[in-house]
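Enquirer: Got a structure for you, questions after.
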Amino acid sequence: MALRPLLSEAKIQARILEMGAQIDADYPDGTLYMICILKGACYFLADLSRAVKRDTFIDFMGISSYGRGKTSSGEVKITKDLDISLEGANVLIIEDIIDSGVTLSYLTGLLEQRKPKSVKIATLLDKPERRLRPVDVAYVGFQIPDEFVVGYGLDFDEKYRNLRDICILEP
Ligand code: IMP
Ligand code: MG
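Heads up, the sequence shown is in this note's numbering, so the first residue is 3 and it goes up one at a time.
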């Protein structure tokens, strides 16, 4: 399999700074609860949380709709729940990529039941062509074509997460 560069580290970091400034401008004063969807979004959380200037609270949630490999199983399961209550909180879900939308449409519904003040989504990548379920995404880093990508947290069978650039994985 070959890797074709799609987004360089510099381009990713510049865009994340813009997203952080936008988030700071949009939210009222107070703590922002950033909920990272494991594992892929942990690099994005680390950079985006440092790009916002307000107080943040971070926590992690394990949820997966993908089995091994490149095709979705269509099943969503929680593998790790939050340690904190979201009652009255401004919640920003941090995701690496939105593909079918199955994972996030399920997750936003679940988190809304926990009585937060607001729930919004920030995703680094979006593949709009692949959507099966509608998802309202407040912050998108980059819209990308329908290609399988790896790097900057994104994996193929757990490999390539630690690449600094985002690359298309070609057969
Ligand atoms: P969705 O429920 O189909 O939107 O699935 C989103 C999840 O699928 C992401 O959090 C990723 O874990 C995984 N995924 C979707 N597209 C890609 C890709 O191109 N590369 C790596 N993982 C992907
Ligand atoms: Mg993921």
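Cβ atoms here follow ideal geometry from the backbone N, Cα and C, with glycine treated the same way.
By a C-beta neighbour count over all protein chains shown, 10 Å radius and 16 as the cutoff for buried, is E172 buried or exposed?
Expert: Numbered from 1 along the sequence shown, position 170 holds the residue referred to as residue 172. It counts as exposed.
Enquirer: Which of the three DSSP states is assigned to Y45 in this structure?
Expert: In the sequence shown, counting from the first residue as 1, residue 45 sits at position 43. Here Y45 sits in helix by DSSP.
Enquirer: The ligand IMP and G103: does the residue's C-beta get closer than 7 angstroms to at least one heavy atom of that ligand?
Expert: Looking up residue 103 in the sequence shown gives position 101. Of the heavy atoms belonging to the ligand IMP, at least one sits nearer than 7 angstroms to the Cβ of G103.
Enquirer: Say the cut is 7 angstroms; is the CB of L165 nearer than that to a heavy atom of the ligand ATP?
Expert: What this structure holds is the ligand IMP and the ligand MG, not the ligand ATP.
Enquirer: I'd like to check one pair, L127 with S102: are the Cβ atoms closer than 8 angstroms?
Expert: Taking the first residue of the sequence shown as position 1, residue 102 is located at position 100. Taking the first residue of the sequence shown as position 1, residue 127 is located at position 125. Against a cut-off of 8 angstroms, the Cβ pair of L127 and S102 comes out as no contact.
Enquirer: Which residue comes first and which comes last in the beta strand (DSSP E) that contains T125?
Expert: As a position in the sequence shown, residue 125 is number 123, starting the count at 1. Taken as a continuous stretch (DSSP letters only), the beta strand (DSSP E) holding T125 covers 120-128.
Enquirer: What's the call for M63, buried or exposed, on a 16-neighbour Cβ count within 10 Å?
Expert: Counted from its first residue, the sequence shown places residue 63 at position 61. Buried, since its Cβ has 16 or more Cβ neighbours within 10 Å.
Enquirer: Please determine, among R163, L109, K117, S66, the residue with the shortest C-alpha to C-alpha distance to V137.
Expert: Mapped onto the sequence shown, residue 137 falls at position 135. The shortest Cα separation from V137 among R163, L109, K117, S66 belongs to L109.
Enquirer: Determine the contact status of L9 and A53, defining contact as a CB-CB distance below 8 angstroms.
Expert: The sequence position of residue 9 within the sequence shown is 7, counting from 1. The sequence position of residue 53 within the sequence shown is 51, counting from 1. Contact flag unset, no.
Enquirer: Where do the ends of the beta strand (DSSP E) carrying D98 lie?
Expert: As a working mapping, residue 98 is identified with position 96 in the sequence shown. 92-100 is the extent of the beta strand (DSSP E) around D98.
Enquirer: Going by DSSP, what residue range makes up the alpha helix (DSSP H) through I170?
Expert: Indexing the sequence shown from 1 puts residue 170 at position 168. That residue, I170, is in no alpha helix (DSSP H); its beta strand (DSSP E) goes 168-172.
Enquirer: Determine the closest residue to N164 out of K41, Q24, G32, with distance taken between C-alpha atoms.
Expert: The residue you call residue 164 lines up with position 162 of the sequence shown. Minimum Cα distance to N164 is reached at K41.
Enquirer: So G143 and R56 are supposed to be a Cβ contact under 8 angstroms. How far apart are they, rounded?
Expert: Stepping through the sequence shown from its first residue, residue 143 is reached at position 141. Stepping through the sequence shown from its first residue, residue 56 is reached at position 54. Contact between G143 and R56 fails: their C-beta atoms lie close to 19 angstroms from each other, not under 8 angstroms.
Enquirer: Under a Cβ-count criterion, where at least 16 other Cβ atoms within 10 Å of its own Cβ denotes burial, should E97 be classed as buried or exposed?
Expert: Numbered from 1 along the sequence shown, position 95 holds the residue referred to as residue 97. Buried, since its Cβ has 16 or more Cβ neighbours within 10 Å.
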